[in-house]
Amino acid sequence: MKVTIDGQEINVEPGTTILQAARMIGGESVPPAMCYYSKLKGSGGKCRCCLVEVSKGSEADPRPMPKLMASCVTGVMDGMEVKSITSERVLDARKSVTEFLLINHPLDCPICDQAGECDLQNLSFKHGSAKTRYIEERRTFEPENIGDKIQLHMNRCILCYRCVMTADQLTDNRVHGVVNRGDHAQISTCISKAIDNEFSGNMIDVCPVGALTDKTFRFKQRVWFNKPFNAHRDCDKCCGKTTLWMFGNEIQRVTARKDQYHEVEEFICNECRFDHKDVNDWVIEGPRKFEKDSVINQNNYTREIEPVKIDTEKNILLGRDKDRKKISMPAVPLKEKEEKVYKEGNV
Amino acid sequence: MSIETISLSGRKKEVSNKKMSFWESLYLVAIVKGLLITIRHLFKRKVTIKYPDQTRELSPVYRGQHMLMRDEEGRERCTACGLCALSCPAEAITMKAEERKPEEKHLYREEKYASIYEINMLRCIFCGLCEEACPKQAIYLTKSRVMVKPSSDREDFIYGKEKLVMPLDMAIKNTQMKTAN
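Chains as they are written, first to last, in the numbering used here: chain A, 355 to 701; chain B, 1025 to 1205.
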């Protein structure tokens, strides 16, 4: 079937949605998606971020569709013409949807662990306005403890249902769902039961905002100070292919590998995610690459820099031995291995 | 024009070993010329000031010692979001975040706070980008004339929270001023 999105033609299989077709083309005209997740069945159609204008229904019925369509759940028709960023209406709708999503979302990015890799942050940066028009009090929930591995911040949730679908489709008995309705709807493990499923950690990766975050990584580091590396290990439960978020020689967080649409390539098990924080457990393949404008690339060097060798007196090159001590962060002492490197001056 | 005589700046002068004439060898003309320049400067505006008695006015964009502010209730504003450290071109700022305990609610404004916050004053260039980046209005570069006190130890230039956080009595005074007005 032939579809035209923003003037770019592509031939796709019947049954593809507009969003998938746009992703095949790539580039600027891909609509943003907060709830649609290609790896989860039945996801999409909730956040309305991916609204597009269908200016020509199909070859058989060329009338335009009267309303903007959610591209993630609208299938393509032969000869369909779609306007994404070329339509003023779509951009306006996206702006309004962003404003709606941010009504109850707290402005706590400085505290949130998701900041820097948050889809809602990216969306509001691109489509949102800097000011809020909302004067009423935001919806708040009592903090709820859902176990020692995953942190739930219900206030930040945008009700995309991705995590519920993950729990439904990846794990055998779901202990996690949405209770109440409308404005009071909230994610909860029913009866506040701790989530102890083998693949429950994937909810963290799937969450587009900071509602579900890694408790073992809580407030440890801002994501852009970490160095991400591709790594793998032999795991009998999952593929074992992960991204390690390192700080120096310490693994601070393990996540699945995410592609350019921030969807995980392959789901990983909880053992890989939470229990293996030692470098010796992993085979490191190399640095993980991100989009050029991602904050994660900030101050990152993709290759190790060898010290330059200069033939001269040691004191000129490295200073006096007694001066070579750690002066910053005295409360966090160096590890034995690091101290040796430090003393040699190769830091 | 040959390469020897070309002068791009126009200020190149040829030096020669030419013999001085009688009047030139007396130096009288040269001395009078020099004195005239000196006398002319007596009547010009002075460029110096009498320093300890007089001080120059600070520029409106003057940036001095950093301070981590407290809010009206005396709680620390900083949440250790790391944006100051990210924006710092000299990489002078380091910090470590910690989760606030329920009994510390009167000390820190948000759920997360900086347990360690250090500025390396040997690296800092007082550019003020940290102040600009701060989303919580926590770090400010004050108008203090004292920038960094001299010392012979490198450790003394690592300013921790004890030197950077606004003193509590200052915060109390600020709040009193605000409520009085």
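The C-beta atom is built at its ideal place from N, Cα and C for all residues, glycine as well.
Work out the CA separation of Pro1174 (chain B) and Arg377 (chain A) for me, nearest whole Å.
About 60 Å.
Hey, does Pro1159 (chain B) have any beta-carbon neighbour from chain A nearer than 8 Å?
Yes, its Cβ sits closer than 8 Å to a Cβ of chain A.
So the alpha helix (DSSP H) Ser1111 (chain B) belongs to, where does it begin and stop?
First-last of the alpha helix (DSSP H) with Ser1111 (chain B): Leu1107 to Ser1111.
What does the Cβ neighbour count give for Ser1045 (chain B), buried or exposed, with the cut at 16 atoms within 10 Å?
The C-beta of Ser1045 (chain B) has fewer than 16 other C-beta atoms within 10 Å across all chains shown, which makes the residue exposed.
Ignoring anything shorter than 3 residues, give me the beta strand (DSSP E) runs that lie fully in the segment 552-627 of chain A, in order along the chain.
Unbroken beta strand (DSSP E) runs of no fewer than 3 residues, entirely contained in the segment 552-627 of chain A, are found at 566-568, 581-586, 595-601 and 604-610, following chain order.
Using a Cβ-Cβ cut-off of 6 Å (strictly less than) and excluding sequence neighbours within five positions of Phe479 (chain A), which residues of its own chain qualify?
A distance below 6 Å between beta-carbons, with the five flanking residues on each side excluded, links Phe479 (chain A) to no residue of its chain.
If you run the structure through DSSP and keep just helix, strand and coil, what is Gly697 (chain A)?
Looking at the sequence itself, residue 697 (chain A) is Lys, so the reference to Gly does not match. Here Lys697 (chain A) carries a helix assignment [DSSP, helix/strand/coil].
Same chain only: Cβ atoms within 7 Å of Ile1196 (chain B), ignoring 5 sequence neighbours per side:
Within the same chain, Gly1098 come within 7 Å of Ile1196 (chain B) by CB-CB distance, once the 5 residues on both sides are set aside.
Using a threshold of 8 Å, state whether the C-beta atoms of Pro1159 (chain B) and Pro464 (chain A) are closer than that.
Pro464 (chain A) sits close to Pro1159 (chain B), with the two beta carbons spaced by under 8 Å.
Could you give the residue range of the beta strand (DSSP E) that holds Asn1144 (chain B)?
Taken as a continuous stretch (DSSP letters only), the beta strand (DSSP E) holding Asn1144 (chain B) covers Lys1136 to Asn1144.
Are the Cβ atoms of Leu456 (chain A) and Gly482 (chain A) separated by less than 8 Å?
Contact flag set, yes.
Please specify which runs of the beta strand (DSSP E), each continuous and at least 3 residues long, are wholly inside the segment 1051-1119 of chain B, giving them in chain order.
Within the segment 1051-1119 of chain B, the complete beta strand (DSSP E) segments at least 3 residues long are 1090-1092, listed from N- to C-terminus.
Taking the alpha-carbon positions, what's the Ala539 (chain A) to Leu566 (chain A) distance?
Each residue's Cα considered, the two are about 16 Å apart.
Return the chain-ordered ranges of every beta strand (DSSP E) run that is complete within the segment 426-465 of chain A and spans a minimum of 3 residues.
The segment 426-465 of chain A contains these whole beta strand (DSSP E) runs: 434-437.
Which residues mark the beginning and the end of the alpha helix (DSSP H) in which Leu1153 (chain B) is found?
It spans Leu1153 to Ala1157 - the alpha helix (DSSP H) in which Leu1153 (chain B) sits, taken as one unbroken run.
Chain A beta carbons: is any one of them nearer than 8 Å to that of Lys1197 (chain B)?
It does not: the Cβ of Lys1197 (chain B) has no partner Cβ on chain A nearer than 8 Å.
Around the Cβ of Ile1063 (chain B), are there at least 16 other Cβ atoms within 10 angstroms (buried) or fewer (exposed)?
By the neighbour-count rule (16 or more Cβ atoms within 10 Å), Ile1063 (chain B) is not buried but exposed.
For a test of the three-state rule: what should DSSP assign to Ile670 (chain A), helix, strand or coil?
Assigned with DSSP and collapsed to three states, Ile670 (chain A) falls in helix.
Residue from A:Gly531, A:Asn509, A:Gln505 and A:Leu598 with nearest C-alpha to Ile558 (chain A)
For Ile558 (chain A), the closest C-alpha among the options A:Gly531, A:Asn509, A:Gln505 and A:Leu598 is that of A:Gln505.
Which bits of chain B does Trp578 (chain A) rub up against, with CB to CB less than 9 Å?
Near Trp578 (chain A) (Cβ distances below 9 Å), the residues of chain B are Gly1106 and Leu1110.
Using C-beta distances below 7 Å, list every residue in its chain close to Thr428 (chain A), excluding the 5 sequence neighbours before and after it, in chain order.
Excluding positions up to five away in sequence, the list reads Thr371 and Ile372.
Tell me where the beta strand (DSSP E) around Thr486 (chain A) begins and ends.
Where Thr486 (chain A) is concerned, there is no enclosing beta strand (DSSP E), given that its DSSP letter is neither H nor E.
Nearest-angstrom Cα separation, counted from Arg642 (chain A) out to Asp629 (chain A):
Rounded to the nearest angstrom, the two C-alpha atoms are 21 Å apart.
Listing by chain order, which chain B residues have their CB less than 8 Å from the CB of Arg572 (chain A)?
In chain order: Glu1123.
Of all the options A:Asn509, A:Asn556, A:His507 and A:Thr494, which has the alpha carbon lying nearest to the alpha carbon of Gln523 (chain A)?
Ranking A:Asn509, A:Asn556, A:His507 and A:Thr494 by Cα distance to Gln523 (chain A) puts A:Asn556 first.
CB contact below 8 Å: Val532 (chain A) versus chain B
Look at Val532 (chain A): its C-beta is not under 8 Å from any C-beta on chain B.
I need the boundaries of the beta strand (DSSP E) containing Lys679 (chain A), first residue and last residue.
Neither: Lys679 (chain A) is in no beta strand (DSSP E) and is coded neither H nor E.
With the cut-off set at 8 Å, would you say Val563 (chain A) and Thr520 (chain A) are in Cβ contact?
No. Outside cutoff.
Secondary structure of Phe641 (chain A), DSSP reduced to three states:
The sequence as given places Pro at residue 641 (chain A); Phe does not occur at that position. Strand, per DSSP.
Euclidean distance between Cα positions of Ile545 (chain A) and Arg516 (chain A):
Low per-residue confidence applies at Ile545 (chain A): pLDDT is 47, beneath 50, and the placement is therefore not dependable enough to give any value.
Segment limits, beta strand (DSSP E) that includes Glu407 (chain A)
Counting along the chain, the beta strand (DSSP E) containing Glu407 (chain A) begins and ends at Leu405 to Lys410.
For the beta strand (DSSP E) that contains Gln540 (chain A), what are its first and last residues?
Here the beta strand (DSSP E) through Gln540 (chain A) covers Gln540 to Ser542.
Around the Cβ of Asn551 (chain A), are there at least 16 other Cβ atoms within 10 angstroms (buried) or fewer (exposed)?
With a 10 Å radius around the Cβ and a threshold of 16 neighbouring Cβ atoms, Asn551 (chain A) comes out buried.
Quick check: what's the CA-CA separation for Val686 (chain A) versus Glu692 (chain A)?
Straight through space, the alpha carbons of Glu692 (chain A) and Val686 (chain A) are spaced by roughly 12 Å.
Can you list the residues of chain A that Ile1140 (chain B) reaches, using a CB-CB cut of under 8 Å?
What Ile1140 (chain B) touches in chain A: Met683, Ala685 and Val686.
Give the secondary structure of Thr371 (chain A) by DSSP, where H, G and I count as helix, E and B as strand, and everything else as coil.
Correct three-state label for Thr371 (chain A): strand.
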